[in-house]
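Participant:
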Amino acid sequence: MCGRFVDPNLRGSDWDFSELKIDPLPRRFNVKPTETVLILAKSPLQGFHARWWLIPSWHKGEMKDWKAATFNARIEDAANKPAFRAVWRHGRCLIPTAGYYEWTGEKGAKQPHFIHPDGNAETMFFAGLASRWQDLLTCTILTRAANPAVDGLHHRMPVILNADERDAWLGGSDDPDLGAGARLAHHPVARFGIKDDGEALIEPFEA
């Protein structure tokens, strides 16, 4: 799964905010579900701000009435789930990040780990789905079975796409193996609270 991630540093990159023609968000190192995130969608790619917790367009109640945990969606079955079915074909997007967190250990003493690209790349791209509910753009992050790089931390991981897979995903691919070959590294970080933020959160930590 993916419940916390780190905003990418896009300044000066191929996806600089000036190129996307969208105001940058202040960079955060502890992004949580329901917060506003950057997504990339359409052709050619455009930047949008979306609420990270998808609400399907057909939801008739208030936002608070939507109780389903739709900040993640399983790539294996999202196409058949009522919340995601409509946007599986027409709501494909990318969610750029610098990495994400996973926790190990017993409740009350869980150890966070920062997971990031293995190599020189600073940004990785999650497969996502976007849904417009009323006037609000919302999104979810696709997940898949963890690959050997991270299966010691959790049995699920985000669908992390290389350049070819990004084109395939946006083009409508139904391949459940997308993201299987993601090259990742990770290290433990100091325990932090829900309101904590800053670059220190991703610094290696020796227990």
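Counting from 1, position 27 in the sequence shown corresponds to residue 27 in UniProt numbering; the numbering is continuous, with no gaps.
Ideal Cβ positions, reconstructed from N, Cα and C, are used throughout, including at glycine.
Note that the structure is a prediction, hence the values are computed from the model and not measured.
#1: Within 8 Å, do at least three Cβ pairs link the region 45–65 to the region 132–141?
#2: For I22, which residues from the same chain have a beta carbon less than 6 Å from its beta carbon, with the 5 sequence-adjacent residues on both sides left out?
#3: Figure out for me which residue from F29, R28, L184 and A78 has the closest Cα to the Cα of D118.
#4: Find the nearest neighbour of T36 within the set R28, S43 and K42, judged by alpha-carbon distance.
#5: In whole angstroms, what is the alpha-carbon distance linking P148 and T70?
#6: How would you write the range of the alpha helix (DSSP H) that R27 sits in, first residue to last?
#7: Can you tell which of W58, K107, N72 and P8 has its C-alpha closest to the C-alpha of G128?
#8: Cα separation between A145 and T123?
#9: Alpha helix (DSSP H) containing H90: first to last residue?
#10: Between the C-alpha atoms of F114 and E206, what's the straight-line distance to the nearest angstrom?
#11: Distance, Cα to Cα, P26 vs A109?
#12: Can you find the residues in the same chain that come closer than 7 Å, C-beta to C-beta, to N9, ignoring five residues on each side of it along the sequence?
#13: So, under 8 Å CB-CB, L178 and S131 are touching, yes? Tell me the CB distance rounded to an integer number of Å.
#14: Using three-state DSSP, classify W133 as helix, strand or coil.
#15: Determine the closest residue to G181 out of F192, K195 and P158, with distance taken between C-alpha atoms.
#16: What are the boundary residues of the alpha helix (DSSP H) that L184 is part of?
#17: For W169, which of helix, strand or coil comes out of DSSP?
#18: Our contact map puts P204 next to H187 with C-beta atoms below 8 Å; I'd like the distance itself, whole angstroms only.
#19: Considering only the alpha carbon of each residue, which of A68, A79, A163 and I202 lies closest to T34?
#20: Run through the region 92–128 for me and flag every whole beta strand (DSSP E) of 3 or more residues, listed as ranges in chain order.
Facilitator: Per the coordinate set shown:
#1: yes
#2: G47
#3: L184
#4: R28
#5: 26 Å
#6: Note, R27: premise wrong, no alpha helix (DSSP H); not H, not E.
#7: N72
#8: 21 Å
#9: R85 to H90
#10: 13 Å
#11: 30 Å
#12: R27, A98 and E122
#13: Not a contact, Cβ separation roughly 20 Å.
#14: strand
#15: P158
#16: From DSSP, L184 is part of no alpha helix (DSSP H) but of the beta strand (DSSP E) over L184 to P188.
#17: helix
#18: 5 Å
#19: A68
#20: 92–97, 99–104 and 111–117
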